[in-house]
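Numbering (our numbering), first residue to last: -18 to 240.
Cβ atoms here follow ideal geometry from the backbone N, Cα and C, with glycine treated the same way.
Step one of this worksheet: look at the structure below.
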């Protein structure tokens, strides 16, 4: 089911008739496919299609919210949002967005949207074979998979916002095992892109194999004080540890190191 502007407008008009100060509808629909390959054969296949919408209302500074995946249940969903507002505490600073001129950022690629499952499976096979070809010490594949998705989003409200965008994504990942004598190490490769031409499936397998083989024969280093260069995915793990410190809620509650 695709997003429907007229459907969103109908909800907004009904909310205004019901006395709401303002109203907003967020609607999304999309599809996705994930394929797992093991030994060159499809080991798992998952497909999904989804549609849903959320309604947010403000009635006398009181917010209400409700959502549904059933288009025909929109009146009931709106009534739940309105009743929720009746039970909420007033917030004089709460509001919905006003229209603004914002730059358009392209996130949709028709090439990805039109891909079929067989092609995706072939790309995952390519990831798997590239890992084995990288080094003879790659002995096992723990998991190789690929995913593709396309989605559409609409935001419409009583202040005049009526905006939408489409997006796509394509990704692949693999976990390999390298062995040398009694030493065994694992390596992970992953890539994701909005556009088909921006992803290199063979390099995903090669990156995983490289990381696994680089760990073979590793020894504990002598402690030193100096500069260390990390791969980008390692750096993000350090940032992940610090991420909660930047949460405004944690700062306000004194739970952050920055408080």
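query: Consult DSSP for residue 51 and reduce its assignment to one of helix, strand or coil.; result: coil
query: Count the C-beta pairs between the region 74 to 88 and the region 23 to 31 that are closer than 8 Å, then say yes if the count reaches three, no if not.; result: no
query: According to DSSP, is residue 187 part of a helix, a strand, or is it coil?; result: helix
query: Between residue 164 and the rest of its own chain, which residues show a CB-CB distance below 8 Å, the 5 nearest in sequence each way excluded?; result: 197, 198
query: Return the CA-CA distance between residue 138 and residue 229, expressed in angstroms with no decimal places.; result: 27 Å
query: What whole-angstrom Cβ distance do residue 241 and residue 119 have, given they're in contact under 8 Å?; result: Because residue 241 is not part of the residues shown, which for the chain are -18 to 240, the question remains open.
query: Just tell me which of 201, 67, 98 has its CA closest to the CA of residue 126.; result: 98
query: With DSSP as the reference, identify every bridge partner of residue 5, one or two as the case may be.; result: 37, 138
query: Just to confirm the assignment: which complete alpha helix (DSSP H) runs, minimum length 4, are found wholly within the region 171 to 215?; result: 182 to 196
query: Excluding the 5 residues preceding and the 5 following residue 231 in the sequence, name in chain order all residues of the same chain whose CB lies nearer than 8 Å to its CB.; result: 225, 237, 240
query: Just reading off the alpha helix (DSSP H) that residue 101 is part of, what are its end residues?; result: 98 to 115
query: In this structure, does DSSP put residue 45 in helix, strand or coil?; result: strand
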